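Since the structure comes first, as structure tokens, the remarks are kept for the end.
There are 2 protein chains.
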Amino acid sequence: MRVTIKDVAQAANVSVSTVSRVLSNKENFFASKTADHVRKVAADLGYQRNAYAADLASHQSDVLAVVISATKSNFADEIIAGIHDVATKHGNSVMILYAGENNPTLQDKAIKTVIERDVMGVLIVALELGDESLNSLKTSGIPHIFLSTAAKENLGPFIASDDHAIGYEATKYLIEHGHRKIGLVGMDEQSFVGAQRMNGYREAMAKHSLSIDEDWLVPGYFTFEDGEAAMQHFGKQPAVTAIIANSDLTAIGVIDQARDYGLEVPAQLSVMSIDGTKLTRIFRPTITSVTQDFFQIGRAGCAALLTGDNEPIQSKFLPIKVVERNSTRQL
Amino acid sequence: MRVTIKDVAQAANVSVSTVSRVLSNKENFFASKTADHVRKVAADLGYQRNAYAADLASHQSDVLAVVISATKSNFADEIIAGIHDVATKHGNSVMILYAGENNPTLQDKAIKTVIERDVMGVLIVALELGDESLNSLKTSGIPHIFLSTAAKENLGPFIASDDHAIGYEATKYLIEHGHRKIGLVGMDEQSFVGAQRMNGYREAMAKHSLSIDEDWLVPGYFTFEDGEAAMQHFGKQPAVTAIIANSDLTAIGVIDQARDYGLEVPAQLSVMSIDGTKLTRIFRPTITSVTQDFFQIGRAGCAALLTGDNEPIQSKFLPIKVVERNSTRQL
DNA sequence: TTGTAGGCGTTATCAT
DNA sequence: ATGATAACGCCTACAA
Numbered sequence: 191m192r193v194t195i196k197d198v199a200q201a202a203n204v205s206v207s208t209v210s211r212v213l214s215n216k217e218n219f220f221a222s223k224t225a226d227h228v229r230k231v232a233a234d235l236g237y238q239r240n241a242y243a244a245d246l247a248s249h250q251s252d253v254l255a256v257v258i259s260a261t262k263s264n265f266a267d268e269i270i271a272g273i274h275d276v277a278t279k280h281g282n283s284v285m286i287l288y289a290g291e292n293n294p295t296l297q298d299k300a301i302k303t304v305i306e307r308d309v310m311g312v313l314i315v316a317l318e319l320g321d322e323s324l325n326s327l328k329t330s331g332i333p334h335i336f337l338s339t340a341a342k343e344n345l346g347p348f349i350a351s352d353d354h355a356i357g358y359e360a361t362k363y364l365i366e367h368g369h370r371k372i373g374l375v376g377m378d379e380q381s382f383v384g385a386q387r388m389n390g391y392r393e394a395m396a397k398h399s400l401s402i403d404e405d406w407l408v409p410g411y412f413t414f415e416d417g418e419a420a421m422q423h424f425g426k427q428p429a430v431t432a433i434i435a436n437s438d439l440t441a442i443g444v445i446d447q448a449r450d451y452g453l454e455v456p457a458q459l460s461v462m463s464i465d466g467t468k469l470t471r472i473f474r475p476t477i478t479s480v481t482q483d484f485f486q487i488g489r490a491g492c493a494a495l496l497t498g499d500n501e502p503i504q505s506k507f508l509p510i511k512v513v514e515r516n517s518t519r520q521l
Numbered sequence: 191m192r193v194t195i196k197d198v199a200q201a202a203n204v205s206v207s208t209v210s211r212v213l214s215n216k217e218n219f220f221a222s223k224t225a226d227h228v229r230k231v232a233a234d235l236g237y238q239r240n241a242y243a244a245d246l247a248s249h250q251s252d253v254l255a256v257v258i259s260a261t262k263s264n265f266a267d268e269i270i271a272g273i274h275d276v277a278t279k280h281g282n283s284v285m286i287l288y289a290g291e292n293n294p295t296l297q298d299k300a301i302k303t304v305i306e307r308d309v310m311g312v313l314i315v316a317l318e319l320g321d322e323s324l325n326s327l328k329t330s331g332i333p334h335i336f337l338s339t340a341a342k343e344n345l346g347p348f349i350a351s352d353d354h355a356i357g358y359e360a361t362k363y364l365i366e367h368g369h370r371k372i373g374l375v376g377m378d379e380q381s382f383v384g385a386q387r388m389n390g391y392r393e394a395m396a397k398h399s400l401s402i403d404e405d406w407l408v409p410g411y412f413t414f415e416d417g418e419a420a421m422q423h424f425g426k427q428p429a430v431t432a433i434i435a436n437s438d439l440t441a442i443g444v445i446d447q448a449r450d451y452g453l454e455v456p457a458q459l460s461v462m463s464i465d466g467t468k469l470t471r472i473f474r475p476t477i478t479s480v481t482q483d484f485f486q487i488g489r490a491g492c493a494a495l496l497t498g499d500n501e502p503i504q505s506k507f508l509p510i511k512v513v514e515r516n517s518t519r520q521l
């Protein structure tokens with residue numbers, strides 16, 4: 191049996207309340223002398239507090255939960271780093287739960303776990319929650335925020351990049367560099383993110399009076415393989431002069447496949463990615479990207495949850511920027 | 191206030207015990223008719239169980255904790271995937287805690303959290319725990335296992351690859367392909383992993399009667415930057431014909447820097463990596479590697495913790511293999 | 001400044 | 001098959 195607050199109290203010849211107060215540092219509610227004594231006894235006995243019991247009694251936990259898709263898009267790390275950055279400063283614990291991807295069962299399980307443990311807040315990262323999960327989360331009353339998934343009105347507060355702007359800026363950049371036939375790879379009209387990016391693309395093209403051949407749009411997801419497959423779709427003599435890929439990994443898939451076709455990037459084909467994670471810098475050619483500030487998204491999301499005030503959390507977009515590297519060229 | 195088991199009992203006109211039994215599926219201890227009724231009432235009321243209270247009362251949690259270094263080596267994902275694979279099959283929840291890297295404060299905090307929550311088991315991934323953390327973990331009596339960090343005898347049970355063998359096999363592969371002057375990049379004699387790999391290297395060299403110039407050994411860590419820096423150390427006319435890098439990322443750093451020097455890989459320099467994650471397949475040239483089976487390490491580690499028997503966990507090495515790709519060549 | 005006692009939501013033990 | 005009731009370990013009025 192583990193040593194409890196009671197054991198400590200006994201050994202220190204004080205009451206449990208005193209021990210409790212000392213150990214949870216309720217300043218000004220005990221004499222520093224007794225405090226020292228109690229702390230020593232506790233240490234000697236190897237006392238470890240039971241967080242469950244404490245949370246149960248006090249109705250407040252100090253853990254933030256991050257629910258994240260298992261997707262192999264690599265930006266999650268940066269978001270998590272941002273979350274930790276502010277969480278540790280506030281003395282909060284962070285626990286991460288994987289929810290698979292587009293796997294309602296796993297999502298439900300993760301959300302359920304989170305609710306059952308009555309965490310103080312939930313950060314949902316890069317995940318479009320199913321209705322059921324979303325509902326239980328809402329009715330639970332636990333503060334939560336979506337990160338990197340701006341979404342339909344009623345979803346809840348989010349911090350993300352503006353996916354419409356992402357699609358628009360990428361397209362605009364390429365147009366300004368002389369491209370007229372621009373492919374879009376990996377976007378998925380079904381997902382909110384994908385649809386928004388496509389809209390941005392369409393808007394930029396229209397604004398410059400460029401028409402779109404629907405054959406330039408190759409749907410998919412965020413993976414390397416989606417990039418490869420899309421490039422295979424375009425073939426050895428692509429109808430486009432530039433391609434926007436839905437993630438860094440997807441861009442790499444495109445480039446690798448292009449190279450296998452004997453096409454040089456960017457000499458014969460410009461490729462641009464969305465995300466701008468470290469991959470874009472270590473891969474050769476380095477990859478021009480629409481860069482999102484994932485670290486700040488993590489920080490901001492965590493901060494939003496941690497500001498004590500009970501005001502509803504404000505959704506917001508964080509700035510994006512186009513970073514020019516070596517995978518695109520002026521036509 | 192959340193709806194509790196008590197509310198359900200009242201609404202359903204039964205006792206709390208009955209509700210508890212039904213809701214936790216203690217088969218054969220209730221009539222299926224009442225069960226249906228209770229379940230319906232619970233659902234109607236939007237009841238959510240409080241895991242803390244349950245764990246507190248029953249003295250058993252169903253959560254496994256993964257304590258992981260924040261290191262940007264990318265194999266962690268695969269280990270975590272493996273862990274989840276078996277955890278979900280057993281119906282266990284998994285929570286992940288980051289512990290920074292070589293950051294005793296964060297480590298302590300993570301371990302403390304884990305102990306306070308009295309999880310059913312702890313998986314420590316790619317982390318060499320400080321003495322203090324290690325001790326509290328040990329005295330807590332919580333089952334734990336080290337993954338991907340085989341270590342000094344008394345550390346505790348582990349599942350990992352044999353780092354000595356890794357160093358040995360990589361070196362042997364290169365020697366058999368005609369290399370005599372082989373560089374070692376990113377190993378750190380202070381860390382157990384690094385030391386083991388270096389020993390393997392030394393043994394393979396000795397076995398083939400090859401002498402080592404200590405200048406070929408460039409210490410470091412697992413990062414991309416370590417690879418770049420090491421290659422800068424070797425310069426434009428490297429004294430070695432092949433380099434073994436401590437991680438895939440480090441290998442990429444080496445290759446990128448070599449390319450910046452105008453050196454072609456593998457024509458003028460062979461580069462081999464340790465890990466064999468997906469990076470080795472998407473990068474060009476694809477990278478020859480000593481491949482570890484991280485997914486299986488995760489699976490095996492989780493399984494070891496979950497087998498109910500109280501026998502001490504057996505440490506073991508999982509097989510590694512050399513996978514030939516395009517970053518090395520026969521001399 | 002310290003102690004007493006009740007309660008947090010659940011499970012477990014013992015009756016019935 | 002079901003119901004009381006006592007834990008579980010801690011926190012927090014309230015009293016002293």
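Taken in order, these protein sequences are the chains called C and H. Mapping of the first sequence onto the numbering used here: residues 191 to 521, in sequence order. Mapping of the second sequence onto the numbering used here: residues 191 to 521, in sequence order. Ideal Cβ placement from N, Cα and C applies to all residues, glycine included. Every value quoted in this text rests on a predicted model; they were computed, and no experiment measured them.
Three-state secondary structure (DSSP) at H334(H)? In the structure shown, H334(H) sits in a strand (DSSP, three-state: E or B).
Based on DSSP bridge pairs, tell me the residues matched to S479(H). Answer is S463(H) and V513(H), bridged to S479(H).
Residues of the stretch 390 to 418 of chain H with a CB closer than 8 angstroms to any CB of chain C: list them in chain order, please. Cβ proximity to chain C below 8 angstroms picks out F414 from the stretch 390 to 418 of chain H.
Could you confirm whether any beta carbon from chain H is found closer than 9 angstroms to the beta carbon of G443(C)? Interface residue, yes.
Can you pull the DSSP bridge partners for M285(H)? According to the DSSP secondary-structure assignment, M285(H) is paired through a beta bridge with A255(H).
Rounding to the nearest angstrom, what Cα-Cα distance links V147(H) and V228(C) in this structure? Outside the modelled stretch of chain H, which goes from 191 to 521, sits residue 147(H), for which no answer is possible.
When you compare the stretch 410 to 423 of chain H with the stretch 440 to 454 of chain H, are there three or more beta-carbon pairs, one atom per stretch, that lie closer than 8 angstroms? A contact exists between the stretch 410 to 423 of chain H and the stretch 440 to 454 of chain H.
DSSP beta-bridge partners of V522(H): Since the first residue of chain H shown is 191 and the last is 521, residue 522(H) is not available in this structure.
Within the 9 angstroms Cβ cut-off, does T481(H) reach chain C? So, not an interface residue.
Per DSSP, F348(H) is paired with what? For F348(H), the pairing in a beta bridge is given by DSSP as F336(H).
Neighbourhood of I314(C) by C-beta distance below 6 angstroms, restricted to the same chain and skipping five residues each side: Excluding sequence neighbours, I314(C) sits near V257 and F336.
Using 9 angstroms as the limit for Cβ to Cβ distance, is T278(H) near chain C? The beta carbon of T278(H) sits closer than 9 angstroms to some beta carbon of chain C.
Determine which residues of the stretch 230 to 250 of chain C have a Cβ less than 7 angstroms from any Cβ of chain H, and write them out in chain order. Cβ contacts with chain H come from G236, Q238, R239, N240, A241, Y242, A243, D245 and L246.
Nearest-angstrom Cα separation, counted from L327(H) out to K506(H): One alpha carbon belongs to K506(H), the other to L327(H), and they sit about 21 angstroms apart.
Report yes if the C-beta distance between H274(C) and Y288(H) is below 9 angstroms; otherwise report no. Yes; because the gap between Cβ atoms is below 9 angstroms, this pair is in contact.
Rounded to a whole number of angstroms, what is the C-alpha to C-alpha distance between Y363(C) and Q504(C)? Cα-Cα distance, rounded: 30 angstroms.
Would you say Y451(H) reaches chain C, if we count a Cβ-Cβ gap shorter than 9 angstroms as a contact? Proximity of Y451(H) to chain C, defined by a Cβ-Cβ separation below 9 angstroms, is not satisfied.
Contact between the stretch 217 to 231 of chain H and the stretch 243 to 260 of chain H is defined here as three or more beta-carbon pairs at a separation below 8 angstroms; is this criterion met? No contact exists between the stretch 217 to 231 of chain H and the stretch 243 to 260 of chain H.
Output, in chain order, the set of chain C residues within a Cβ distance shorter than 8 angstroms of H274(H). By Cβ distance, chain C contributes A260 and Y288.
Residue(s) in a DSSP beta bridge with I402(H): The partner list for I402(H) (beta bridge, DSSP) is empty, contrary to what the question assumes.
Just to confirm before moving on: does the CB-CB distance between D403(H) and M310(H) stay below 9 angstroms? Judged by their CB atoms, D403(H) and M310(H) are not nearer to each other than the 9 angstroms cut-off.
Through-space distance from E268(C) to T476(C), alpha-carbon basis: Approximately 19 angstroms, taken between the alpha carbons.
Can you name the residues of chain C whose CB is closer than 7 angstroms to the CB of S283(H)? Here the neighbours are T303.
Test item: CB-CB of T478(H) and T440(H) under 9 angstroms: Not a contact, by the Cβ cut-off of 9 angstroms.
Quick one: residues in its chain with C-beta nearer than 7 angstroms to the C-beta of G368(H), no 5 flanking neighbours on either side, listed in chain order? Correct list, in chain order: Q520 and L521.
Are the CB atoms of K468(C) and G452(C) within a distance shorter than 9 angstroms? Between G452(C) and K468(C), the C-beta gap is not smaller than 9 angstroms, which leaves the two residues out of contact.
Looking at the C-beta of V253(C), does it have a partner C-beta in chain H at a distance below 9 angstroms? Taking a beta-carbon distance threshold of 9 angstroms, V253(C) counts as an interface residue toward chain H.
Taking 9 angstroms as the CB-CB limit, is F473(C) close to chain H? Chain H contact via Cβ: present.
Pairs of beta-carbons, one from the stretch 318 to 326 of chain H and one from the stretch 291 to 301 of chain H, closer than 8 angstroms: are there three or more? Counting C-beta pairs with one atom in each stretch, the stretch 318 to 326 of chain H and the stretch 291 to 301 of chain H have three or more that are closer than 8 angstroms, which means they touch.
Secondary structure, beta strand (DSSP E): runs of 3+ residues fully inside the stretch 194 to 267 of chain H: Unbroken beta strand (DSSP E) runs of no fewer than 3 residues, entirely contained in the stretch 194 to 267 of chain H, are found at 253 to 258, following chain order.
Can a CB atom of chain H be found closer than 9 angstroms to the CB of N264(C)? Taking 9 angstroms as the CB threshold, N264(C) lines the interface with chain H.
Please state the DSSP three-state secondary structure of L495(H). In the structure shown, L495(H) sits in a helix (DSSP, three-state: H, G or I).
Nonlocal neighbours in the same chain, by C-beta distance under 6 angstroms from V276(C), ignoring five residues either side: So the qualifying residues of the chain are R489, C492 and A493.
Hey, out of A435(H), S437(H) and A244(H), whose CA is closest to R211(H)'s CA? Cα-wise, what sits closest to R211(H) is A244(H).
How about K371(H) and V430(H): do their beta carbons lie closer than 9 angstroms? For K371(H) and V430(H), yes; Cβs fall inside 9 angstroms.
Should the stretch 375 to 393 of chain C be regarded as contacting the stretch 345 to 359 of chain C, the criterion being three or more beta carbon pairs within less than 8 angstroms? Yes, since at least three Cβ pairs between the stretch 375 to 393 of chain C and the stretch 345 to 359 of chain C fall closer than 8 angstroms, the two stretches touch.
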